[in-house]
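For reference, the structure is listed below as structure tokens.
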Amino acid sequence: MPVPACPQRPALGEVPGPARGMEEEEEEAACDGEEPWLGNSNNNAAPGGRPGPRGVRPPGEEPSYLQRVLLEIVESERTYARDLRGIVEGYLGKIIDAEEPPLRPEQVSALFGNIEDIYELSSNLLQSLESCACDPVAVAVCFVTRSQEFDIYTQYCNNYPNSVAALSECMRSKQQARFFRECQEQMRHALPLGAYLLKPVQRILKYHLLLQEIAKHFERKSGDDYEVVVEAIDTMTCVAWYINDMKRKHEHAIRQQCSSLMLIESTRDSLCFSVAHYKHIKQQYGLQVGCCGVGVGGHGGPPPAPTTTTPPP
């Protein structure tokens with residue numbers, strides 16, 4: 105679906121430094137006789153802020169800040185694509201290939217959403233970024249030409265609350281929890297599946313910040329090349345704004361559904377709630393969600409008589 109017009113572009117924000125481990129990778133590449141992906145770091149770039157053709161960096165010369173930003177975009181996308189591959193192949197693929205799938209089809213759909221589409225988009229984007237040879241305009245074009253493709257993140261982000269709920273349900277099953285732990289151990293992941301399912305939500309909201317850093321350190325703040333960078337920022341800012349707006353609407357709809365029951369989360373059990381009637385506030389009923397069903401005052405049994413509680417003085 106087309107992304108609606110978004111508010112005025114925010115001020116240029118902060119961006120983290122180069123990806124962790126970048127210097128070690130550069131040293132390893134140099135030892136192997138390979139030139140790290142930095143292109144020509146000569147500050148005497150072509151007009152418009154575009155660096156010259158890829159070349160060997162003179163010994164002792166540090167890459168420019170702009171080149172470090174470009175490297176951060178590529179390196180972080182590579183790490184992100186690798187994490188997505190772990191989800192698709194290390195979890196989802198094993199569920200699909202199992203003779204006796206540990207999860208029901210509806211659980212798989214809720215848990216993973218359209219993660220396969222996200223992985224495909226990230227892989228294609230990474231391939232394009234790696235061919236940009238440290239050209240900030242070429243990097244910006246990668247985002248502009250895929251402006252419509254990023255809409256799939258809206259579907260993923262809207263489904264994300266269902267994903268969290270499905271994962272919580274699975275972890276209450278000993279068999280399913282053991283399956284996820286085994287997958288995590290086989291891939292040697294330090295973090296559980298839930299941390300990786302959050303990454304697409306975090307990534308889509310970071311692209312425009314990285315692109316803003318390109319514009320901030322672009323040599324010329326005018327011309328066709330700079331306009332391409334600005335267009336890329338506008339594109340990804342609108343995507344981020346639209347996703348945040350849909351998230352707010354989704355949360356508002358949930359609050360509206362719960363308002364008549366006045367659900368108050370219990371501090372003793374995250375799956376227990378006390379429910380007050382919207383007309384008779386003093387009459388409260390216990391509601392507990394169990395693995396075998398939903399019951400009032402128990403696990404699927406008949407509801408007890410209402411109990412009246414006296415509010416504290």
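Here the sequence shown stands for residues 105 to 417, where the numbers follow the numbering used here. Beta carbons are placed, not taken as given, at the ideal position from N, Cα and C, and that holds for glycine.
The three-state secondary structure of Phe247, taken from DSSP, is helix. Contact between Val248 and Thr339 holds, with the beta-carbon distance rounding to 6 Å and staying under 8 Å. About 12 Å separates the beta carbon of Gln290 from that of Leu297, a gap too long to meet the 8 Å contact definition. Following the DSSP letters along the chain, one finds Ala185 inside the alpha helix (DSSP H) bounded by residues 169 to 191.
Residue environment analysis places Ser326 among the exposed positions, since fewer than 16 neighbouring C-beta atoms fall within 10 angstroms of its C-beta.
With 16 or more other CB atoms across the displayed protein chains lying within 10 angstroms of its CB, Ala344 is buried. Rounded to the nearest angstrom, the gap between the Cα atoms of Leu313 and Gly197 is 33 Å.
For Pro209, the enclosing alpha helix (DSSP H) covers residues 209 to 216. The three-state reading of DSSP puts Gly327 in coil, since its state is none of H, G, I, E or B. In terms of CA proximity to Gln316, Thr341 leads the group Phe254, Ser272, Thr341. With a cutoff of 8 Å on beta-carbon distance, Tyr184 and Ser232 are scored as not near each other. Contact check between the segment 203 to 222 and the segment 261 to 268: three or more CB pairs, one atom from each, fall below 8 Å, which counts as touching. Ile318 places its beta carbon less than 8 Å from that of Ala244. Rounded to the nearest angstrom, the Cβ distance from Tyr223 to Arg189 is 6 Å, consistent with a contact under 8 Å. Tyr311 places its beta carbon 8 Å or farther from that of Asp187. When the five nearest sequence neighbours on each side are left out, no beta carbon in the same chain lies closer than 7 Å to the beta carbon of Asp328. Contact annotation, Tyr260 with Pro304: C-beta distance approximately 5 Å; criterion of less than 8 Å satisfied.
In this model, Gln252 and Thr258 are separated by some 11 Å (Cα to Cα). Counting other Cβ atoms within 10 Å of its Cβ, Leu174 reaches 16 or more and is therefore classed as buried.
Pro206 sits close to Ile199, with the two beta carbons spaced by under 8 Å.
Per DSSP, Tyr264 is one residue of the alpha helix (DSSP H) stretching across 256 to 275.
Of the candidates Tyr330, Asn262, Leu170, Phe283, Phe283 places its Cα closest to the Cα of Ala202. Asn262 is the residue among Val334, Asn262, Lys278, Tyr330 whose C-alpha sits nearest the C-alpha of Lys351.
For Arg292, the secondary structure class from DSSP, reduced to helix, strand or coil, is coil. Note on geometry: alpha-carbon atoms of Ser235 and Arg276 lie some 45 Å from one another.
Burial check for Leu215: the Cβ neighbour count within 10 Å reaches 16 or more, so the residue is buried. A check of alpha carbon separations from Gly194 across Glu323, Val332, Glu355, Arg292 identifies Arg292 as the nearest. When secondary structure is reduced to three states using DSSP, Gln252 falls in the coil class, being assigned neither helix nor strand. Under the three-state reduction of DSSP output, Cys342 falls in the helix class.
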